[in-house]
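Student: Numbering (the numbering used here) for the sequence shown: 11 to 262.
Backbone N, C-alpha and C define an ideal beta-carbon position, used for all residues, glycine too.
Every value quoted in this text rests on a predicted model; they were computed, and no experiment measured them.
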Amino acid sequence: GERLQWHNVLRALHQRLLPLHRTEVAILLAQTLWQSGSSGDIDGADGGDDGADNALLGAAHGPCADVVFVGAMVDELRSTLDGTRANWQNHWALCSVVIIANRLLDLHKVVQRPRETGSDVLSRLRAVLRDCRLVAANWIHSLLVVLQGGGDHGDARCQDDSSDGADLQRTLVDVATFGALSFQCEVDLAVGAVGLGVEQGPLFHWLLFTTTSHRYRSQVITSSKPSVFRRTLRKMVLELAARRSEDIGDLV
Numbered sequence: 011g012e013r014l015q016w017h018n019v020l021r022a023l024h025q026r027l028l029p030l031h032r033t034e035v036a037i038l039l040a041q042t043l044w045q046s047g048s049s050g051d052i053d054g055a056d057g058g059d060d061g062a063d064n065a066l067l068g069a070a071h072g073p074c075a076d077v078v079f080v081g082a083m084v085d086e087l088r089s090t091l092d093g094t095r096a097n098w099q100n101h102w103a104l105c106s107v108v109i110i111a112n113r114l115l116d117l118h119k120v121v122q123r124p125r126e127t128g129s130d131v132l133s134r135l136r137a138v139l140r141d142c143r144l145v146a147a148n149w150i151h152s153l154l155v156v157l158q159g160g161g162d163h164g165d166a167r168c169q170d171d172s173s174d175g176a177d178l179q180r181t182l183v184d185v186a187t188f189g190a191l192s193f194q195c196e197v198d199l200a201v202g203a204v205g206l207g208v209e210q211g212p213l214f215h216w217l218l219f220t221t222t223s224h225r226y227r228s229q230v231i232t233s234s235k236p237s238v239f240r241r242t243l244r245k246m247v248l249e250l251a252a253r254r255s256e257d258i259g260d261l262v
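1) Going straight from the alpha carbon of L14 to that of T94, what length do you get?
2) Mapping DSSP to helix, strand and coil, what is L30?
3) What residue range does the alpha helix (DSSP H) around F188 cover?
4) Going by DSSP, what residue range makes up the alpha helix (DSSP H) through R88?
5) Since I believe W102 is in contact with L43 (beta carbons under 8 Å), could you give me their beta-carbon distance rounded to a whole number of angstroms?
6) Is G159 helix, strand or coil when you go by DSSP?
7) Any contact between the stretch 77-89 and the stretch 106-123? By contact I mean 3 or more CB pairs, one from each, below 8 Å.
8) Can you give me the C-alpha to C-alpha distance between L261 and R21, rounded to a whole angstrom?
9) Candidates F188, A111, R253: which alpha carbon is nearest S223's?
10) Can you tell me where the alpha helix (DSSP H) with H17 in it begins and where it stops?
11) Kindly indicate which three-state DSSP category Q194 falls into: helix, strand or coil?
12) Using the Cα positions of R241 and I150, report the straight-line distance between them to the nearest angstrom.
13) Please report the residue range of the alpha helix (DSSP H) in which A103 lies.
14) Counting C-beta neighbours from all protein chains within 10 Å, is the total for H17 16 or more, i.e. buried, or is it exposed?
15) What separation, rounded to the nearest whole angstrom, lies between the Cα atoms of V131 and Q158?
16) Kindly indicate which three-state DSSP category S133 falls into: helix, strand or coil?
17) Under 8 Å, do V183 and C142 count as touching if we go by C-beta distance?
18) Helix, strand or coil: which one does DSSP assign to H71?
19) For S192, is the classification buried or exposed, using 16 other Cβ atoms within 10 angstroms of its Cβ as the cut-off for buried?
20) Suppose you measure from the CA of H24 to the CA of L250; what does that come to, to the nearest Å?
21) When the distance is taken between beta carbons, is L218 closer than 8 Å to A147?
22) What number of angstroms, rounded off, separates the C-alpha of A111 from the C-alpha of L87?
23) Indicate the three-state DSSP secondary structure (helix, strand or coil) for Q41 in the structure shown.
24) Between the Cα of A70 and those of C105, E34, R113, spot the shortest distance and give me the residue it belongs to.
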């Protein structure tokens with residue numbers, strides 16, 4: 011039932027049961043992990059502040075209060091990301107990693123307390139999302155090289171000879187969208203955040219993702235009607251951009 015859904019996701023990632031390169035899998039994960047489920051305390055919650063915090067997650071998301079479980083999920087997300095970073099044809103796998111990491115981060119923050127070891131798990135989740143940005147940025151560079159005639163599909167690890175400019179543009183917008191969504195949870199947009207240089211910092215990546223998505227989005231829409239899920243993701247980016255505009259304004 012609903013209490014097993016997170017465990018099922020963990021098992022599927024560990025056993026490589028999910029074809030993460032498919033759009034349908036990302037849709038299924040988003041639907042599953044964002045359903046509210048029934049309310050009530052998590053098994054083992056014995057009242058008090060901890061029980062009250064755990065009850066906020068509900069039965070469906072109870073495992074997200076468990077530091078051990080979240081740590082295991084982080085390990086699988088890291089393994090999945092490492093296995094797909096060399097091939098942008100698996101860009102929907104990146105979407106799935108971003109979806110799961112964002113949801114885990116939001117849910118675990120509900121019950122995590124400053125003095126608990128769970129803060130290390132949150133740091134590891136944020137590190138996964140930062141790596142997702144690096145992967146997305148590298149893929150954008152590879153795709154732009156191909157689109158601008160500076161390379162061929164093989165240079166960008168694309169082995170499908172039938173891919174044309176419209177397909178590449180659609181993939182480019184998708185990758186930029188997934189990269190931008192890695193900022194859905196709180197993040198420091200300062201250029202020097204987390205000790206990275208300008209071209210590796212969060213502000214640089216945020217501007218890269220949003221400008222790339224905006225530049226190529228209109229061309230993709232005119233060539234083919236985007237799916238409902240794609241439109242939903244891009245709407246989320248627009249809403250996120252509206253919220254982040256104040257953060258950027260404070261930096262300039």
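Tutor: Answer, in terms of the structure:
1) If you number the sequence shown from 1, residue 14 lands on position 4. If you number the sequence shown from 1, residue 94 lands on position 84. The alpha-carbon atoms of L14 and T94 are separated by roughly 27 Å.
2) Taking the first residue of the sequence shown as position 1, residue 30 is located at position 20. The three-state reading of DSSP puts L30 in coil, since its state is none of H, G, I, E or B.
3) Along the sequence shown, read from residue 1 onward, the residue named residue 188 stands at position 178. F188: member of the alpha helix (DSSP H) spanning 175-191, first to last residue.
4) Here residue 88 refers to the residue found at position 78 when the sequence shown is read from its first residue. It spans 77-94 - the alpha helix (DSSP H) in which R88 sits, taken as one unbroken run.
5) Indexing the sequence shown from 1 puts residue 43 at position 33. Indexing the sequence shown from 1 puts residue 102 at position 92. Separation of the CB atoms of L43 and W102 is rounded to 16 Å, and the pair is thereby denied contact status at 8 Å.
6) Residue numbering aside, residue 159 sits at position 149 when the sequence shown is read from its first letter. Three-state result, G159: coil.
7) Yes, they touch.
8) Looking up residue 261 in the sequence shown gives position 251. Looking up residue 21 in the sequence shown gives position 11. With a pLDDT of only 41 at L261, under the threshold of 50, the placement of this residue in the model should not be trusted; the figure read from the coordinates follows. Computed Cα separation, rounded: 42 Å.
9) Sequence index remark: in the sequence shown, residue 223 carries index 213 (1-based). Taking the Cα of S223 as reference, the smallest distance to any Cα among F188, A111, R253 is reached at F188.
10) Counted from its first residue, the sequence shown places residue 17 at position 7. Counted as a single uninterrupted DSSP element, the alpha helix (DSSP H) harbouring H17 occupies residues 15-24.
11) In the sequence shown, counting from the first residue as 1, residue 194 sits at position 184. In this structure, Q194 counts as coil in the three-state DSSP scheme.
12) To locate residue 241, count along the sequence shown from 1; it is residue 231. To locate residue 150, count along the sequence shown from 1; it is residue 140. Going from the Cα of R241 to the Cα of I150 covers about 20 Å.
13) Locating residue 103 in the sequence shown gives position 93, counting from the first residue. For A103, the uninterrupted alpha helix (DSSP H) run begins and ends at 101-121, by DSSP.
14) Counting from one through the sequence shown, the residue named residue 17 turns up at place 7. In summary, H17 is exposed, with fewer than 16 beta-carbon neighbours lying within 10 Å of its beta-carbon over all protein chains present.
15) Start at 1 with the first residue of the sequence shown, and residue 131 comes out as number 121. Start at 1 with the first residue of the sequence shown, and residue 158 comes out as number 148. If you take the alpha carbons of V131 and Q158, they lie about 41 Å apart.
16) Residue 133 sits at position 123 when you count from the first residue of the sequence shown. S133: helix per DSSP, three-state reduction.
17) Here residue 183 refers to the residue found at position 173 when the sequence shown is read from its first residue. Here residue 142 refers to the residue found at position 132 when the sequence shown is read from its first residue. No, they are not a contact pair.
18) The residue you call residue 71 lines up with position 61 of the sequence shown. Looking at H71 - three-state DSSP - the assignment turns out to be coil, as it is neither helix nor strand.
19) One-based indexing of the sequence shown puts residue 192 at position 182. Flag for S192 reads buried.
20) As a working note, residue 24 is residue 14 in the sequence shown. As a working note, residue 250 is residue 240 in the sequence shown. In this structure, the CA atom of H24 is about 31 Å from the CA atom of L250.
21) Stepping through the sequence shown from its first residue, residue 147 is reached at position 137. Stepping through the sequence shown from its first residue, residue 218 is reached at position 208. With contacts defined by Cβ atoms closer than 8 Å, A147 and L218 form a contacting pair.
22) Taking the sequence shown and counting its residues from 1, one reaches residue 111 at position 101. Taking the sequence shown and counting its residues from 1, one reaches residue 87 at position 77. Cα-Cα distance, rounded: 8 Å.
23) Start at 1 with the first residue of the sequence shown, and residue 41 comes out as number 31. DSSP places Q41 in the helix class (H, G or I) of the three-state scheme.
24) By one-based count along the sequence shown, residue 70 stands at place 60. Answer by Cα proximity: R113.
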